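For what it's worth, the working numbering labels the leading residue of the sequence shown as 20, then goes sequentially.
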Amino acid sequence: MSAAAYVLLPALAVSAALNWYAAWMQKLRLYYATKPIVLIILIALFVLWGGLHPPALPFLVGLGLSLLGDIFLIPRSQRWFLAGLIAFFLAHVSYVCGLNAAPAPLFPTLLAAAAAGLLLGALFVYVIRKTGKKPELKPMRKVFLPYAAVLVLMAASAVLCLFRSAWPLPAAVMCASGGLLFLTSDLLHGADRLGKRIPHVKFWIIATYHLGQFLIVLGAAQWAQLSLPR
Numbered sequence: 020m021s022a023a024a025y026v027l028l029p030a031l032a033v034s035a036a037l038n039w040y041a042a043w044m045q046k047l048r049l050y051y052a053t054k055p056i057v058l059i060i061l062i063a064l065f066v067l068w069g070g071l072h073p074p075a076l077p078f079l080v081g082l083g084l085s086l087l088g089d090i091f092l093i094p095r096s097q098r099w100f101l102a103g104l105i106a107f108f109l110a111h112v113s114y115v116c117g118l119n120a121a122p123a124p125l126f127p128t129l130l131a132a133a134a135a136g137l138l139l140g141a142l143f144v145y146v147i148r149k150t151g152k153k154p155e156l157k158p159m160r161k162v163f164l165p166y167a168a169v170l171v172l173m174a175a176s177a178v179l180c181l182f183r184s185a186w187p188l189p190a191a192v193m194c195a196s197g198g199l200l201f202l203t204s205d206l207l208h209g210a211d212r213l214g215k216r217i218p219h220v221k222f223w224i225i226a227t228y229h230l231g232q233f234l235i236v237l238g239a240a241q242w243a244q245l246s247l248p249r
């Protein structure tokens with residue numbers, strides 16, 4: 020590991036801890052000040068770990084779009100929320116491209132597609148029911164439903180890394196876990212946005228998001244290194 024990584028890893032841990040503390044204690048100034056810093060450090064680490072190699076580029080693009088999404092979600096307005104959602108939608112598309120660069124066997128793919136379809140159906144019903152109770156949220160269906168689809172596709176693609184022969188098992192486990200944590204974070208965020216009250220929800224959203232991103236890029240970096248021609 021390079022000397023820069025020895026500096027960046029503790030910086031990542033400290034900035035994430037500060038951000039999580041601010042989320043738990045509802046210290047919003049500290050929360051919004053530290054939120055983008057975590058992704059900036061993670062992007063720098065990913066570049067050090069080989070994020071500029073061609074197999075890793077979709078993940079680097081996804082991280083950059085996620086950083087934009089983090090920044091867009093800081094202002095409290097519907098317009099900026101929509102901009103953040105679009106940025107994260109494109110981030111998930113980038114991750115889907117990177118995760119599916121190596122094919123998965125047919126049978127696990129069919130199982131993952133069936134599970135994803137069931138989850139997506141449940142999410143569609145939930146979103147339609149919740150937005151139906153709040154007329155001001157009905158226009159957001161056009162955004163929430165496509166976002167739910169790409170989010171579930173990203174998580175399913177991450178889990179399928181467990182079955183991709185090109186992915187070493189440790190990298191696949193990290194990526195699958197990261198994808199599920201990212202899914203959990205966005206589901207919590209969506210539920211909160213639609214009126215579900217969860218204690219300390221901001222903490223749970225950001226903690227699962229940061230852990231998910233870290234595991235995805237750590238697994239992707241390991242896979243990308245092994246994918247390079249020898």
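We put the beta carbon where it would ideally sit given N, CA and C, even for glycine. Being a predicted model, the structure only gives us computed values, none of them experimental.
Closer than 6 Å: is that where the CB of residue i sits relative to any heavy atom of the ligand COA?
i    : result
H219 : No copy of the ligand COA occurs in the structure displayed, which carries no ligand at all.
Are residue i and residue j close, meaning C-beta to C-beta below 7 Å?
i    : j    : result
G83  : F107 : no
S196 : N119 : no
L42  : K221 : According to the sequence provided, residue 42 is Ala. The question's Leu does not apply to it. Yes, these two residues count as a Cβ contact at 7 Å.
F201 : G238 : no
V178 : F65  : no
S85  : A52  : no
G81  : A75  : no
L67  : A24  : yes
S21  : P77  : no
I62  : L27  : no
Can you name the start and end residues of the alpha helix (DSSP H) that residue i belongs to?
i    : result
W39  : 22-44
M173 : 160-178
F182 : Where F182 is concerned, there is no enclosing alpha helix (DSSP H), given that its DSSP letter is neither H nor E.
If residue i sits next to residue j, beta carbons under 8 Å apart, how far is it from one beta carbon to the other, in whole angstroms?
i    : j    : result
Y228 : S246 : With a Cβ gap of about 26 Å, Y228 and S246 do not count as contacting.
A174 : L181 : The Cβ separation is near 12 Å, so there is no contact.
K153 : G103 : About 20 Å; that fails the 8 Å criterion.
W39  : I225 : 6 Å
F143 : A167 : 7 Å
L129 : V171 : So it is not a contact: roughly 15 Å between Cβ atoms.
W242 : P187 : 7 Å
Using DSSP with H/G/I as helix, E/B as strand and the rest coil, what is residue i?
i    : result
K153 : coil
K215 : coil
A123 : coil
A190 : helix
How about residue i: is its C-beta nearer than 7 Å to some C-beta of chain D?
i    : result
D211 : Within the model displayed, chain D is absent; a lone protein chain is all it includes.
Could you name each continuous beta strand (DSSP E) segment of 3 residues or more that falls completely within the stretch 65-120, going from the start of the chain to the end?
-> Counting only unbroken stretches of 3 or more residues, no beta strand (DSSP E) element lies wholly within the stretch 65-120.
Inside the stretch 195-246 only - alpha helix (DSSP H) runs reaching at least 4 residues = Within the stretch 195-246, the complete alpha helix (DSSP H) segments at least 4 residues long are 220-246, listed from N- to C-terminus.
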